[in-house]
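Residue numbers for the sequence shown follow the numbering used here, so the first one is -14 and each next one is one higher.
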Amino acid sequence: MKYYGKRSLASFLKVLLDILLFIGTILFVWVSVETLSKGFNNLEFYKKMVICFMFILGSIALMLVIINLRRIMKSVVDSNPFIKQNVKSLKTISISCFIIANCYLINFFMNIKYGKYNFIFIDKSGIHTDMEFLIFFFAGSFILVLYKVFEKAVEVKEENDFTI
């Protein structure tokens, strides 16, 4: 199996990210319209504003993750992953993950009085958790480390490119 280049796993993942970006945009618009027009009217105004802000901020951060992953996959397909653009993309993905984690935390603390806290629970509809923010926190942390590794790799590559 080829991992990079044309007709590889990286090119397949790039296509999947393209589809995900398209579907995500449609879902963002649909959820926004549905929420604002129907089930959102029974909340206090300030809570509506905070929830809308968090939803928009989290959605933008998620779209930035997908867009930057597409950029990285494109450079992997082109067999040139150690470039400054990928370093910037990894940093953006890391920051976006931390933003999403904070949105989950704010939502959790805003709504804690409406239900009991469950680290993990199973019911007839599946497995659920109230710890989603940890996924994005750890993803952001690991990607932050990768950002630093890629930054160093790009420096070494540029130094080697200048050496005859």
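C-beta: ideal position from N, C-alpha, C; glycine also.
As the structure is a computational prediction, the values presented were derived from the model and not from experiment.
- The Cβ-Cβ distance between V72 and V139 falls below 8 Å.
- Annotation for G125: the continuous alpha helix (DSSP H) segment containing it runs 117 to 147.
- Here L75 is near F135, since their CB atoms are less than 8 Å apart.
- Going by DSSP, G111 is part of the beta strand (DSSP E) stretching over 111 to 114.
- Where I107 is concerned, the enclosing beta strand (DSSP E) starts and stops at 105 to 108.
- Each residue's CA atom was taken as its position, placing N96 and M39 some 13 Å apart.
- Within the region 12 to 98, complete alpha helix (DSSP H) segments of at least 4 residues are found at 30 to 62, 69 to 95, given in chain order.
- G(-10) carries a coil assignment under DSSP once its states are collapsed to helix, strand and coil.
- One Cα belongs to I80, the other to D3, and the distance between them is close to 21 Å.
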